[in-house]
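Novice:
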Amino acid sequence: MQRTTISLLIAGALLAWLPCSPDVAHAQSSRTISDAEVLKVEIRDTSRIVTIGAAITEIVFALGHGDRVVGVDQTSTFPPAVRTKPNVGYMRALSAEGVMSLAPSLIVATEGSGPPDVIDILARASVPFVLVPEGYDEAAVLRKVRYIAQVLGEKENGEAMALAISADFKAMRAQLEKISSPRKGVFVFAVGGGTPTVGGNKTSADGMFALSGIENAMRSVSGYKPAVAEATLAAAPDVVVTMLERNHSLEPSEMFALPAFAGTPAARDKRLVAISSYALTFGPRTAHAARNLAAAVYPELSLSPLQPRPWTGEGVAAKP
Amino acid sequence: MTTAVARATATHARPVGRGAIVLAGAGTLLVLAILGSLAIGPVVISPADVLRILVDGAAGARPTTGTAMRDAIVVLDIRLPRTVLAVLVGSTLAVAGAILQGVFRNPLADPGIVGVSTGAAFAAVCWIVFGYAAAAHLPTFVAAAGLPLSAFLGSLVTIVMLYRLATREGKTPVAMLLFAGIALGALAAAGTGLVIFVASDQQLREFMFWTLGSVGGANWTKVALVLPFVLILLAGSVSLRRGLDALALGEAEAFHIGFDVQWLKRVAIVLVAAGVGAAVAVAGVVGFVGLVVPHLLRLSAGPMHGRLMIGCALLGGALMTASDIFARTIASPAELPIGVVTAIIGAPYFLFLIHRNRAALGG
Amino acid sequence: MYQAKSVQVTVRGKAILADVDLRLALGRVVAVVGANGAGKSTLLKVMAGERKPTGGEILLDERPLPSWPVAALARRRAVLPQLVEIVFPFLAAEVVSLSLPPHVDRKSGEALVRRALAAVEMEDFADRIYGTLSGGEKQRVQLARVLAQAWTGEDTYLLLDEPTASLDLAHQLLILRLARTHAESGGGVMLVLHDLNLASMVADEILALKNGSRIAAGPPSAIITNDLIAALYGVRGEVRGVPDGPFILPQTVRMPADGGVWTT
Numbered sequence: 001m002q003r004t005t006i007s008l009l010i011a012g013a014l015l016a017w018l019p020c021s022p023d024v025a026h027a028q029s030s031r032t033i034s035d036a037e038v039l040k041v042e043i044r045d046t047s048r049i050v051t052i053g054a055a056i057t058e059i060v061f062a063l064g065h066g067d068r069v070v071g072v073d074q075t076s077t078f079p080p081a082v083r084t085k086p087n088v089g090y091m092r093a094l095s096a097e098g099v100m101s102l103a104p105s106l107i108v109a110t111e112g113s114g115p116p117d118v119i120d121i122l123a124r125a126s127v128p129f130v131l132v133p134e135g136y137d138e139a140a141v142l143r144k145v146r147y148i149a150q151v152l153g154e155k156e157n158g159e160a161m162a163l164a165i166s167a168d169f170k171a172m173r174a175q176l177e178k179i180s181s182p183r184k185g186v187f188v189f190a191v192g193g194g195t196p197t198v199g200g201n202k203t204s205a206d207g208m209f210a211l212s213g214i215e216n217a218m219r220s221v222s223g224y225k226p227a228v229a230e231a232t233l234a235a236a237p238d239v240v241v242t243m244l245e246r247n248h249s250l251e252p253s254e255m256f257a258l259p260a261f262a263g264t265p266a267a268r269d270k271r272l273v274a275i276s277s278y279a280l281t282f283g284p285r286t287a288h289a290a291r292n293l294a295a296a297v298y299p300e301l302s303l304s305p306l307q308p309r310p311w312t313g314e315g316v317a318a319k320p
Numbered sequence: 321m322t323t324a325v326a327r328a329t330a331t332h333a334r335p336v337g338r339g340a341i342v343l344a345g346a347g348t349l350l351v352l353a354i355l356g357s358l359a360i361g362p363v364v365i366s367p368a369d370v371l372r373i374l375v376d377g378a379a380g381a382r383p384t385t386g387t388a389m390r391d392a393i394v395v396l397d398i399r400l401p402r403t404v405l406a407v408l409v410g411s412t413l414a415v416a417g418a419i420l421q422g423v424f425r426n427p428l429a430d431p432g433i434v435g436v437s438t439g440a441a442f443a444a445v446c447w448i449v450f451g452y453a454a455a456a457h458l459p460t461f462v463a464a465a466g467l468p469l470s471a472f473l474g475s476l477v478t479i480v481m482l483y484r485l486a487t488r489e490g491k492t493p494v495a496m497l498l499f500a501g502i503a504l505g506a507l508a509a510a511g512t513g514l515v516i517f518v519a520s521d522q523q524l525r526e527f528m529f530w531t532l533g534s535v536g537g538a539n540w541t542k543v544a545l546v547l548p549f550v551l552i553l554l555a556g557s558v559s560l561r562r563g564l565d566a567l568a569l570g571e572a573e574a575f576h577i578g579f580d581v582q583w584l585k586r587v588a589i590v591l592v593a594a595g596v597g598a599a600v601a602v603a604g605v606v607g608f609v610g611l612v613v614p615h616l617l618r619l620s621a622g623p624m625h626g627r628l629m630i631g632c633a634l635l636g637g638a639l640m641t642a643s644d645i646f647a648r649t650i651a652s653p654a655e656l657p658i659g660v661v662t663a664i665i666g667a668p669y670f671l672f673l674i675h676r677n678r679a680a681l682g683g
Numbered sequence: 684m685y686q687a688k689s690v691q692v693t694v695r696g697k698a699i700l701a702d703v704d705l706r707l708a709l710g711r712v713v714a715v716v717g718a719n720g721a722g723k724s725t726l727l728k729v730m731a732g733e734r735k736p737t738g739g740e741i742l743l744d745e746r747p748l749p750s751w752p753v754a755a756l757a758r759r760r761a762v763l764p765q766l767v768e769i770v771f772p773f774l775a776a777e778v779v780s781l782s783l784p785p786h787v788d789r790k791s792g793e794a795l796v797r798r799a800l801a802a803v804e805m806e807d808f809a810d811r812i813y814g815t816l817s818g819g820e821k822q823r824v825q826l827a828r829v830l831a832q833a834w835t836g837e838d839t840y841l842l843l844d845e846p847t848a849s850l851d852l853a854h855q856l857l858i859l860r861l862a863r864t865h866a867e868s869g870g871g872v873m874l875v876l877h878d879l880n881l882a883s884m885v886a887d888e889i890l891a892l893k894n895g896s897r898i899a900a901g902p903p904s905a906i907i908t909n910d911l912i913a914a915l916y917g918v919r920g921e922v923r924g925v926p927d928g929p930f931i932l933p934q935t936v937r938m939p940a941d942g943g944v945w946t947t
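Chains as they are written, first to last, in our numbering: chain P, 1 to 320; chain G, 321 to 683; chain H, 684 to 947.
(1) Should K821/H and G739/H be called a contact, given that it needs their Cβ atoms to be closer than 9 Å?
(2) Whole angstroms is fine: what's the gap from V82/P's alpha carbon to S76/P's?
(3) Rounded to a whole number of angstroms, what is the C-alpha to C-alpha distance between L39/P and V297/P?
(4) Per DSSP, what kind of secondary structure is G739/H in: helix, strand or coil?
(5) Answer yes if the region 159-173 of chain P comes into contact with the region 232-247 of chain P, meaning at least three C-beta pairs across the two stretches below 8 Å, and no otherwise.
(6) I think V596/G touches S475/G, with their Cβ atoms under 8 Å apart; what is that distance to the nearest whole Å?
(7) How far does the alpha helix (DSSP H) with R760/H in it reach, from first residue to last?
(8) For a test of the three-state rule: what should DSSP assign to Q28/P, helix, strand or coil?
(9) Measuring from the CB of V661/G, is there a heavy atom of the ligand COA at a distance below 8 Å?
(10) At a Cβ threshold of 9 Å, is L106/P touching chain G?
(11) Spatial neighbours of N87/P within its chain, please: C-beta separation below 6 Å, excluding the five flanking residues on both sides.
(12) For a cutoff of 9 Å on Cβ pairs, would you count M629/G as touching chain H?
(13) Take the Cβ of T4/P as the centre, count every other Cβ of all protein chains shown within 10 Å, and call the residue buried at 16 or more, exposed below.
(14) Measure from the alpha carbon of V703/H to the alpha carbon of each residue in N880/H, I898/H, A853/H and I907/H, then state which is nearest.
(15) Relative to the C-alpha of G659/G, which candidate in A667/G, P653/G and S652/G has its C-alpha closest?
(16) Comparing the C-beta of Q74/P with each C-beta of chain G, is any distance below 9 Å?
(17) Going by other Cβ atoms of all chains shown within 10 Å of its Cβ, with 16 needed for buried, is S304/P buried or exposed?
(18) Measuring only the C-alpha atoms, how far is E804/H from L816/H?
(19) Would D206/P count as contacting chain G if we go by Cβ distances under 9 Å?
(20) Identify which residue in V875/H, E888/H, E733/H and M884/H has its Cα closest to the Cα of N719/H.
(21) Looking at C-alpha atoms only, which residue of S780/H, V713/H and K735/H is the closest neighbour of L892/H?
(22) Could you tell me which chain P residues have their CB closer than 7 Å to the CB of G537/G, listed as they occur along the chain?
(23) Would you mind reading off the limits of the beta strand (DSSP E) that contains L326/P?
(24) Any beta-carbon of chain H closer than 9 Å to the one on A261/G?
(25) Whose CA, out of V829/H, K723/H and D878/H, lies closest to the CA of G895/H?
(26) Helix, strand or coil for F575/G, going by three-state DSSP, please let me know.
(27) Would you mind reading off the limits of the alpha helix (DSSP H) that contains Y136/P?
(28) Report the rounded CA-to-CA distance for R746/H versus G732/H, giving the unit in angstroms.
(29) Classify S534/G: buried if its beta carbon has 16 or more other beta carbons within 10 angstroms, exposed otherwise.
(30) Does the distance from the CB of S652/G to the CB of S204/P come in under 9 Å?
(31) For D910/H, decide whether its Cβ has a neighbour in chain G, counting only Cβ atoms nearer than 9 Å.
(32) Anyone know if the C-beta pair for P772/H and R618/G falls short of 9 Å?
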């Protein structure tokens with residue numbers, strides 16, 4: 001008995017150290033995603049659309065098809081019109097019959113939606129299920145816009161939107177050239193029991209930092225992970241960025257009292273920035289979110305606001 | 321004294337024939353639950369249409385266009401496998417719980433306590449995080465079955481380790497079994513935490529939803545995967561009924577009556593592991609069915625195991641199916657994890673049981 | 684013949700039983716007496732096969748006990764333990780039926796259960812839930828179960844551990860009478876008893892244990908002596924003596940011939 005247990009424990013420990021691919025979604029999605037060629041043929045009817053994923057929802061509305069949306073997922077909160085739409089729940093735990101009860105003719109979903117069995121059933125029900133590739137940079141945003149435009153048959157409007165967003169990003173980059181020395185930031189997703197969960201590389205937070213001219217102090221960490229106090233101290237972040245919504249944000253005094261941050265330059269200068277969660281969705285408002293974040297982190301630069309667009313509505317500003 | 325007739329009060333006696341009535345009632349509930357599960361859902365389909373779809377479907381005829389096709393898909397591809405899976409999983413959990421309570425001689429023993437469910441969940445997490453990468457090199461069927469198979473292997477390994485930890489010189493004292501089960505459950509939970517730490521965010525969230533339980537992803541493959549284990553468990557439980565009855569008097573007495581107690585416990589434990597492992601594999605960790613159903617049946621139909629096993633299979637299936645109807649309609653078009661529903665029903669009942677038994681539990 | 688030969692039971696260096704012999708023949712009743720901790724229950728458990736002796740052996744019909752298949756052994760000997768705890772709500776009749784072997788069909792089984800319950804005067808309690816019975820009633824149900832088991836075999840032995848412990852006088856005598864009847868119909872009976880009077884009434888032979896050793900064995904007249912009682916219990920008593928206050932000897936109690944109790 002002892003030998004069996006010990007060898008199992010060693011095997012388990014070894015496995016834990018093996019580098020493993022965090023982006024497993026590819027293995028799942030590669031068998032379900034349809035490529036553009038097939039889509040052109042299959043999509044006949046866009047009169048009743050279910051959108052899953054905040055970015056997807058915003059883009060569909062921005063392309064003028066908001067009135068055709070019959071259901072959204074729980075992360076879709078913008079534009080305000082979505083609040084009256086039926087909610088299909090969490091994107092990874094869809095209910096096949098629930099979605100079908102909305103009688104959709106098209107489902108546009110963020111990569112990673114599922115479970116796969118539900119997608120199978122919906123596909124067999126001849127409801128086109130389009131998985132849109134995810135990504136955390138400018139190219140990903142533009143790709144989403146063009147992709148969805150193609151699905152909806154709005155190629156021209158989509159191109160116009162993509163060009164406008166491209167211009168926004170360009171304007172952002174120009175403004176960022178004013179930064180002489182980038183500040184280091186830590187994104188705090190949530191604080192549980194005194195330990196903050198921070199955004200490492202390959203996260204939407206990391207992507208947002210890159211767009212805002214902020215260096216990610218936690219880039220050596222992979223994904224969202226609980227922070228080790230010594231590591232954050234050694235990284236010496238200049239600013240702590242957190243989410244605006246009630247669940248996730250803390251008062252500056254509370255945040256900087258945490259062992260992870262007490263003693264950092266951020267704590268010394270009391271630099272805590274809260275951003276609205278839409279900044280992490282990498283939808284059409286991404287450049288504007290990046291500008292707001294940069295403005296809060298580099299207040300001395302007096303960054304000018306970007307040109308408002310039809311899809312930005314009343315976007316929430318960052319709070320220093 | 322013997323010439324005075326003992327007056328049977330409701331709590332002191334059980335009328336003859338009550339057992340058969342209860343079984344009939346449980347069977348009726350199961351049938352109603354199945355009918356309800358086929359007829360009720362977010363998509364509104366009239367019972368007449370449901371019946372027509374089922375009859376046509378049995379003959380192999382299926383509409384190919386329009387609302388009729390959508391309805392056929394809902395009834396035949398969503399509700400039907402889901403109902404069948406819920407019945408199988410519910411039956412399995414209830415019967416496994418009854419056997420475990422017989423072996424432990426404790427009405428509060430639950431498959432979760434001996435760490436079997438946790439071990440299954442740990443194995444599943446390992447598959448989710450590490451296995452998908454390996455799945456690319458495996459044939460499709462094996463890859464699709466990877467998750468359920470891992471969970472089953474996890475529960476088997478847990479039960480074997482449990483047995484070796486708790487058994488000395490061919491004897492397994494019940495207290496050792498409990499302690500070993502708790503220790504193994506803690507180890508599995510720690511392993512799960514470690515693997516989750518390594519995992520990325522999206523895998524983490526998938527796992528969390530899976531462990532709250534759901535029959536929402538039901539398909540015929542899953543049914544095929546769990547069916548053999550269910551049948552083995554049900555058949556095995558009925559054949560063990562006399563031994564489990566005798567075991568209620570104590571292991572020494574069961575020996576005096578003529579049963580090989582160590583063999584009996586071994587077989588019972590393997591059956592439980594197989595059943596729970598299969599159930600967790602296809603539906604995630606669903607609690608309280610293995611606790612509430614056997615307890616209710618013992619009180620109403622009596623603890624003789626022949627009747628009890630049949631009753632558990634019927635009532636467990638009914639409870640799970642009814643819970644699933646609730647899970648998929650209450651938050652429509654979204655869906656509640658079924659483990660949440662059974663917990664809402666079962667946890668207050670569990671607290672009530674603890675309260676009633678507090679003298680016996682030392683409280 | 685059911686016998687214990689030079690049985691030794693040692694636990695952590697301490698001898699619970701040391702070199703004990705016991706011969707139980709069919710048609711005979713043997714009572715085992717001794718102070719608390721003398722090893723009486725251990726001897727019974729070793730005889731039953733529940734516990735393996737450290738030394739010596741148990742033979743049933745000349746065959747060592749370990750060589751008997753468990754199910755076959757159950758057809759030759761039935762055991763009543765001191766304490767049985769049941770947590771599930773079985774009926775009294777169901778408890779009695781637990782000892783019946785699989786080859787007994789339902790009707791015969793029900794008849795056996797009724798007969799066994801009647802023998803211990805519990806036939807009106809058949810549908811009562813066992814857990815709601817008093818201590819004495821539970822003990823009688825257990826004895827009914829043991830009797831039912833014995834009646835399904837041939838040439839069976841009853842091994843009874845303190846069968847009279849929780850019972851009132853009438854029922855104590857009933858149990859003794861059942862033991863005698865079993866012996867008279869060809870079975871063997873081994874009883875562990877605390878009460879010397881009862882042992883003297885029922886037994887053909889008494890075995891006296893002290894600290895795990897057999898210090899005397901023989902018919903009641905040879906065993907119930909002042910010296911032996913002093914040796915066993917460390918008290919001075921007077922065999923055949925008469926005390927000052929009122930007293931009644933179980934030996935003087937009459938039971939009606941048909942097995943009921945006096946109603947007047």
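Backbone N, C-alpha and C fix where the C-beta goes; we use that ideal spot for every residue, glycine too.
Specialist: Based on what the coordinates show:
(1) Judged by their CB atoms, K821/H and G739/H are not nearer to each other than the 9 Å cut-off.
(2) Their Cα atoms are separated by approximately 7 Å.
(3) Only weak support exists for where L39/P lies, its pLDDT of 43 falling under 50; the value from the coordinates is given anyway. So the alpha carbons of these two residues sit roughly 42 Å apart.
(4) strand
(5) no
(6) 6 Å
(7) Bounds of any alpha helix (DSSP H) do not take in R760/H; it lies within the beta strand (DSSP E) bounded by R760 to L763.
(8) Because Q28/P carries a pLDDT of 26, less than 50, the predicted location of this residue cannot be relied on, and the following value inherits that uncertainty. Here Q28/P sits in helix by DSSP.
(9) Although the ligand COA was asked about, the structure shown includes no ligands whatsoever.
(10) no
(11) Within the same chain, Q74 come within 6 Å of N87/P by CB-CB distance, once the 5 residues on both sides are set aside.
(12) no
(13) Caution is warranted here: a pLDDT of 45 is assigned to T4/P, below 50, making its placement in the model unreliable, and no coordinate value can be reported.
(14) I898/H
(15) The candidate whose alpha carbon is nearest that of G659/G is A667/G.
(16) yes
(17) Exposed.
(18) Taking the straight line joining both Cα atoms gives about 14 Å.
(19) no
(20) V875/H
(21) V713/H
(22) Among the residues of chain P, those whose CB is under 7 Å from the CB of G537/G are P115, D117 and V118, following chain order.
(23) The requested residue 326/P does not occur in the structure, where chain P is confined to residues 1 to 320.
(24) For chain G, the structure presents residues 321 to 683; residue 261/G sits outside this window and is missing.
(25) K723/H
(26) Note: F575/G maps to helix in three-state DSSP.
(27) Per DSSP, Y136/P belongs to no alpha helix (DSSP H) and is neither H nor E.
(28) 13 Å
(29) Counting Cβ neighbours within 10 Å, S534/G comes out buried, since at least 16 surround it.
(30) Cβ distance not < 9 Å, so S652/G and S204/P don't count as in contact.
(31) The beta-carbon of D910/H is placed no less than 9 Å from the nearest beta-carbon of chain G.
(32) yes
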